[in-house]
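**Q**
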Amino acid sequence: MSEQKDLEYAILGGGCFWCVEAIYQLVDGVESIVSGYAGGHDPAPNYKSICTGLTGHAEVIRVGFDPNKISYKNILEIFWEAHDPTTRNKQGNDEGPQYRSIILYENQTQKEIAEASRSDAGPKFASPIVTEIVALEKFFPAENYHQNYFRLNPAQPYCHYVIRPKIEKFLKKKTH
Numbered sequence: 001m002s003e004q005k006d007l008e009y010a011i012l013g014g015g016c017f018w019c020v021e022a023i024y025q026l027v028d029g030v031e032s033i034v035s036g037y038a039g040g041h042d043p044a045p046n047y048k049s050i051c052t053g054l055t056g057h058a059e060v061i062r063v064g065f066d067p068n069k070i071s072y073k074n075i076l077e078i079f080w081e082a083h084d085p086t087t088r089n090k091q092g093n094d095e096g097p098q099y100r101s102i103i104l105y106e107n108q109t110q111k112e113i114a115e116a117s118r119s120d121a122g123p124k125f126a127s128p129i130v131t132e133i134v135a136l137e138k139f140f141p142a143e144n145y146h147q148n149y150f151r152l153n154p155a156q157p158y159c160h161y162v163i164r165p166k167i168e169k170f171l172k173k174k175t176h
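With the UniProt record's numbering, letter number 121 in the sequence shown gets 121, and the count goes up by one each step, no holes.
#1: Using the rule of at least 16 other Cβ atoms within 10 Å of the residue's Cβ for burial, across every protein chain shown, is Pro97 buried or exposed?
#2: Does the Cβ-Cβ distance between Arg100 and Ala58 come in under 8 Å?
#3: Measuring alpha carbon to alpha carbon, tell me which of Asp42, Tyr9 and Gly15 ends up nearest Pro67.
#4: Leu64 by DSSP, collapsed to three states: which one?
#5: In terms of residues, what are the limits of the alpha helix (DSSP H) holding Ile78?
#6: Closer than 8 Å is the cut-off here; do at least three beta carbon pairs connect the segment 111 to 122 with the segment 21 to 37?
#7: Using three-state DSSP, classify Gln91 as helix, strand or coil.
#8: Which residues in the same chain have their Cβ closer than 6 Å to the Cβ of Ile33, if we skip the five residues on either side of it in sequence?
#9: Report the three-state DSSP secondary structure of Glu3 (helix, strand or coil).
#10: Are there three or more Cβ pairs, one per stretch, closer than 8 Å when the segment 99 to 118 is compared with the segment 126 to 138?
#11: I'd like the span of the alpha helix (DSSP H) that includes Leu152, first residue to last.
#12: Quick one: what's Ser101 bridged to in DSSP?
#13: What does Gly36 pair with, by DSSP beta-bridge criteria?
#14: Where does Lys127 land, buried or exposed, given buried means 16+ other C-beta within 10 angstroms?
Here it is, written out as structure tokens:
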């Protein structure tokens with residue numbers, strides 16, 4: 001595993017953070033994933049406040065990756081496959097602004113790569129992409145019970161009926 005100082009980070013929201021986290025756990029070069037909240041105005045978000053849809057924050061993951069193994073551009077290519085970026089404030093049955101599609105960039109280079117990636121991904125979808133691309137102000141880690149959720153709770157109904165099919169779809173695309 002890489003030294004933490006060698007990692008770069010991507011902050012991504014594609015609906016429920018459990019779903020997106022489970023996909024990125026399968027990606028070579030991804031060294032760490034932290035589920036959390038970002039993109040809003042509440043200075044101390046938590047799961048209960050996020051669920052109201054009033055904090056402005058989205059459920060996101062902070063992906064720590066080794067740029068010698070996978071690029072930020074490749075991280076974003078997976079992002080477009082891991083969720084539906086054409087539905088505003090909704091992924092499956094999860095609805096509300098906390099489930100919006102969002103990329104939070106840390107610097108100008110990430111912003112430019114994200115905007116180019118969104119443009120490149122657009123033709124792959126029947127509807128327009130609604131993903132926000134905004135500057136990261138602050139990332140707030142979610143409560144411990146949200147971390148590594150799918151791996152720790154595979155028999156939980158949400159994991160079985162929602163996350164597992166997304167993983168299977170991702171793996172099927174990855175092998176073709």
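Ideal Cβ positions, reconstructed from N, Cα and C, are used throughout, including at glycine.
**A** Taking the definition as stated:
#1: buried
#2: yes
#3: Tyr9
#4: The question names Leu, yet the displayed sequence has Gly at residue 64. Here Gly64 sits in strand by DSSP.
#5: Tyr72 to Ala82
#6: no
#7: strand
#8: Cβ neighbours of Ile33 beyond the five flanking positions: Glu21, Tyr24, Ile61 and Val63.
#9: Caution is warranted here: a pLDDT of 46 is assigned to Glu3, below 50, making its placement in the model unreliable, and no coordinate value can be reported.
#10: yes
#11: Tyr149 to Leu152
#12: Gly14
#13: Val60 and Pro141
#14: Going by the sequence as given, residue 127 is Ser instead of Lys. Ser127 should be labelled exposed.
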